[in-house]
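Engineer: Here the numbering used here runs 29 ahead of the position in the sequence shown, where the first position is 1.
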Amino acid sequence: MTNVVPAFAGGRLDRAAHRRDGLDVAAVRESLMAGARVVLFWNGQVALVQGGGLHLATDPSAGRVAAGNPMIYLGKAQGQAEVFACDLGRDDPAPALAEGVEWADLRQVLSRLDPTEAELAATGRALIHWHQSHRFCAACGAASSPSHGGWQRRCPQCLAAHFPRTDPVVIMLVTKGERLLVGRSPGWPEGMYSTLAGFMEPGETVEAAVRREVSEETGVVVGEVRYLSSQPWPFPASLMLGCHGQAIS
């Protein structure tokens with residue numbers, strides 16, 4: 030099988046985890062004034078240069094930062110300036126962007142991003158969704174607050190710390206001889222097909238998940254399973270585990 034670099038994989042983002050502790054509002058502002066860049070998100074979409082790659086805004090052109098929008102520390106892109114993700118919310122209408130910049134669905138513009146840009150966009154989108162969907166403490170129900178540069182949420186009531194979650198998903202190319210197994214969702218455009226995929230269950234191995242998902246979706250029995258590679262998939266927060274399975278039925 031030909032080796033292909035999956036989407037959102039192969040970037041060289043330095044996540045600089047040591048910087049997350051103590052990144053309060055004042056520290057974020059100081060970093061912005063020193064030339065940090067900001068990836069802008071709105072309603073799950075990312076700001077891109079028209080016909081080009083990721084739009085990395087700088088303060089004060091990203092002046093919305095001063096309005097109190099949530100900021101997440103992503104790290105250093107290729108050893109250069111620090112990069113943050115900024116969530117501009119989900120309310121209509123879409124926030125205005127600089128001339129030559131557009132809002133775009135990340136899934137539809139992957140070919141326009143280099144590996145590091147794709148990693149920045151995937152990381153920011155996944156973390157923003159996590160904050161939106163985990164606003165309350167799972168231990169006591171109190172409202173929690175972002176901390177550690179956006180990589181934790183802290184509960185002021187019971188002091189519990191909560192961390193971003195990633196859901197493992199198997200995606201598999203199933204073959205038998207020269208034939209391969211594909212499926213389609215009823216809502217997809219005519220003629221569009223995909224390899225099969227599904228979430229792993231607790232207590233399952235990757236191989237067992239491949240066999241179960243294929244059997245549940247198609248009735249086909251899979252024998253040998255070989256792991257190929259992985260990729261993050263921030264829609265909303267998955268890690269795709271790519272496999273090759275041999276059909277035996």
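In this text, a Cβ means the ideal position worked out from N, Cα and C, and glycines have one as well.
Rounded to whole angstroms, what is the Cα-Cα separation between G80 and V130?
Structural biologist: Position 51 of the sequence shown holds residue 80. Position 101 of the sequence shown holds residue 130. Approximately 9 Å between the Cα atoms of the pair.
Engineer: Please report the residue range of the beta strand (DSSP E) in which A127 lies.
Structural biologist: Indexing the sequence shown from 1 puts residue 127 at position 98. Element bounds for A127: n/a, residue is neither H nor E.
Engineer: Looking at the secondary structure, which residues open and close the alpha helix (DSSP H) in which V243 lies?
Structural biologist: The count along the sequence shown starts at 1 and reaches residue 243 at position 214. Taken as a continuous stretch (DSSP letters only), the alpha helix (DSSP H) holding V243 covers 235-247.
Engineer: So, under 8 Å CB-CB, G232 and V254 are touching, yes? Tell me the CB distance rounded to an integer number of Å.
Structural biologist: Taking the sequence shown and counting its residues from 1, the one referred to as residue 232 is at position 203. Taking the sequence shown and counting its residues from 1, the one referred to as residue 254 is at position 225. Wrong, their Cβ atoms sit about 17 Å apart, outside the cutoff.
Engineer: Please report the residue range of the alpha helix (DSSP H) in which V54 lies.
Structural biologist: In the sequence shown, residue 54 corresponds to position 25, counting from 1. Segment 54-62, the alpha helix (DSSP H) holding V54.
Engineer: Less than 8 Å separating the beta-carbons of L139 and I101?
Structural biologist: Sequence index remark: in the sequence shown, residue 139 carries index 110 (1-based). Sequence index remark: in the sequence shown, residue 101 carries index 72 (1-based). Not a contact, by the Cβ cut-off of 8 Å.
Engineer: Short of 6 Å in beta carbon distance, which residues of its chain neighbour C166, apart from the five on each side in sequence? Order them along the chain.
Structural biologist: Here residue 166 is taken as the residue at index 137 of the sequence shown, counted from 1. Result list for C166: S173, C184, A189, in chain order.
Engineer: Can you check which of these residues, D143, A133, E245, is closest to N72 by C-alpha distance?
Structural biologist: Here residue 72 refers to the residue found at position 43 of the sequence shown. Here the closest residue by C-alpha is A133.
Engineer: With L149 and A106 assumed to form a contact (beta carbons below 8 Å), what rounded beta-carbon distance in angstroms separates them?
Structural biologist: Along the sequence shown, read from residue 1 onward, the residue named residue 149 stands at position 120. Along the sequence shown, read from residue 1 onward, the residue named residue 106 stands at position 77. The pair is a contact, with the Cβ atoms about 6 Å apart (cut-off 8 Å).
Engineer: Quick one: give me the first and last residue of the beta strand (DSSP E) that T204 is part of.
Structural biologist: If you number the sequence shown from 1, residue 204 lands on position 175. Start and end: 196-205.
Engineer: I'd like the list of long-range same chain contacts for A95, defined as Cβ closer than 6 Å, with 5 residues on each side in sequence excluded.
Structural biologist: What you label residue 95 is simply residue 66 of the sequence shown in a count that begins at 1. With a pLDDT of 49 at A95, under the threshold of 50, the predicted position of this residue should be treated as unreliable, and no value is reported.
Engineer: At which residues does the beta strand (DSSP E) containing G73 begin and terminate?
Structural biologist: Looking up residue 73 in the sequence shown gives position 44. It is not in any beta strand (DSSP E) - G73 carries neither H nor E in the DSSP assignment.
Engineer: Enumerate, from N- to C-terminal direction, the unbroken alpha helix (DSSP H) stretches of 4 or more residues contained entirely within the stretch 143-220.
Structural biologist: With a minimum length of 4 residues, the continuous alpha helix (DSSP H) runs that stay inside the stretch 143-220 are 144-162.
Engineer: For the beta strand (DSSP E) containing A276, list its first residue and its last residue.
Structural biologist: Along the sequence shown, one-based indexing puts residue 276 at 247. Start and end: 267-276.
Engineer: Work out the CA separation of L142 and L103 for me, nearest whole Å.
Structural biologist: One-based indexing of the sequence shown puts residue 103 at position 74. One-based indexing of the sequence shown puts residue 142 at position 113. Roughly 17 Å between the two C-alpha positions.
Engineer: On the CB-based measure, 16 or more other CB atoms within 10 Å of its CB, does I277 come out buried or exposed?
Structural biologist: In the sequence shown, counting from the first residue as 1, residue 277 sits at position 248. Result: exposed.
Engineer: Which of helix, strand or coil does DSSP assign to R66?
Structural biologist: One-based indexing of the sequence shown puts residue 66 at position 37. Reduced to three states, the DSSP call for R66 is strand.
Engineer: Can you tell me the Cα-Cα spacing of P193 and G248, whole angstroms?
Structural biologist: The residue labelled residue 193 in the question sits at position 164 within the sequence shown. The residue labelled residue 248 in the question sits at position 219 within the sequence shown. Their Cα atoms are separated by approximately 35 Å.
Engineer: Just reading off the beta strand (DSSP E) that G104 is part of, what are its end residues?
Structural biologist: The residue labelled residue 104 in the question sits at position 75 within the sequence shown. 100-106 is the span of the beta strand (DSSP E), which, as asked, contains G104.
Engineer: Using CA atoms only, rank isn't needed, just tell me which of W217, E146, R48 is closest to R41.
Structural biologist: For this step, residue 41 is matched to residue 12 along the sequence shown. Of W217, E146, R48, the residue nearest in Cα terms is E146.
Engineer: Just tell me which of G178, S259, M269 has its CA closest to the CA of A56.
Structural biologist: By one-based count along the sequence shown, residue 56 stands at place 27. Per the Cα distances, G178.
Engineer: In three-state terms, what does DSSP make of S140?
Structural biologist: The count along the sequence shown starts at 1 and reaches residue 140 at position 111. In the structure shown, S140 sits in a helix (DSSP, three-state: H, G or I).
Engineer: Give the single residue among L210, D121, M229, F228 whose Cα lies nearest to the Cα of Y222.
Structural biologist: Locating residue 222 in the sequence shown gives position 193, counting from the first residue. Nearest option by C-alpha distance: L210.
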